[in-house]
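K.L.:
Pasting in a structure now, in structure tokens, and then I'll have a few things to ask.
Numbering (full-length UniProt numbering), first residue to last: 1 to 137.
This is the structure in structure tokens:
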């Protein structure tokens with residue numbers, strides 16, 4: 001039986017609030033110990049480390065939901081993200097510049113937690129940051 005749509009939306013809202021509060025240590029409340037997905041994400045520790053990398057590179061990074069859809073155990077979200085690059089991100093030195101990105105993420109929920117996450121956050125942020133570096137060069 002598929003979870004209730006309102007419960008799925010509430011889970012996602014709480015998850016995103018945790019991300020926006022930069023509470024990486026609390027992500028286990030929303031993300032499965034065995035989460036898998038895009039890039040190097042394999043398990044909760046790798047997931048948390050991936051999110052922390054964003055916080056280090058962009059201490060003020062925030063996600064804003066533009067659209068969210070729920071179908072059974074699947075959540076699809078279109079997000080705008082923004083932050084000021086004051087730390088190293090993906091090997092790129094701090095630029096001091098603000099970036100704004102658009103991201104599409106698909107989540108699959110199992111047993112009340114995100115079990116799979118397919119998104120393009122790191123490539124999107126890295127590409128936006130690389131464009132800033134090229135423009136300044």
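Backbone N, C-alpha and C define an ideal beta-carbon position, used for all residues, glycine too.
Taking C-alpha atoms, which residue in 87, 30, 129 and 24 lies nearest to residue 108?
P.N.:
As a working note, residue 108 is residue 108 in the chain shown. Of the listed residues, the one whose Cα sits closest to residue 108 is 30.
K.L.:
Does the pairing of the stretch 4-18 with the stretch 83-93 give three or more beta-carbon distances under 8 Å?
P.N.:
Result no; under three Cβ-Cβ pairs closer than 8 Å.
K.L.:
For residue 2, which three-state DSSP category applies?
P.N.:
Translated into positions along the chain shown, residue 2 becomes position 2. Here residue 2 sits in coil by DSSP.
K.L.:
Taking the Cβ atom as the reference point for each residue, do residue 96 and residue 58 lie within a distance shorter than 7 Å?
P.N.:
The residue labelled residue 96 in the question sits at position 96 within the chain shown. The residue labelled residue 58 in the question sits at position 58 within the chain shown. Not a contact, by the Cβ cut-off of 7 Å.
K.L.:
Tell me the residue span of the beta strand (DSSP E) that contains residue 32.
P.N.:
As a first step, residue 32 is located in the chain shown; it is residue number 32 there, counting from the start. Element bounds for residue 32: 31-37.
K.L.:
Between 64, 21 and 70, which lies nearest to residue 79 when the distance is taken from Cα to Cα?
P.N.:
Locating residue 79 in the chain shown gives position 79, where the first residue counts as 1. Here the closest residue by C-alpha is 64.
K.L.:
Helix, strand or coil: which one does DSSP assign to residue 139?
P.N.:
The shown model of the chain, from 1 to 137, leaves out residue 139, and the question about it has no answer.
K.L.:
Does DSSP classify residue 115 as helix, strand or coil?
P.N.:
On the chain shown, residue 115 is found 115 positions in, with the first residue counted as 1. Looking at residue 115 - three-state DSSP - the assignment turns out to be strand.
K.L.:
Identify every residue that forms a DSSP beta bridge with residue 103.
P.N.:
For the purposes of this step, residue 103 is identified with residue 103 of the chain shown, where counting begins at 1. Answer is 79, bridged to residue 103.
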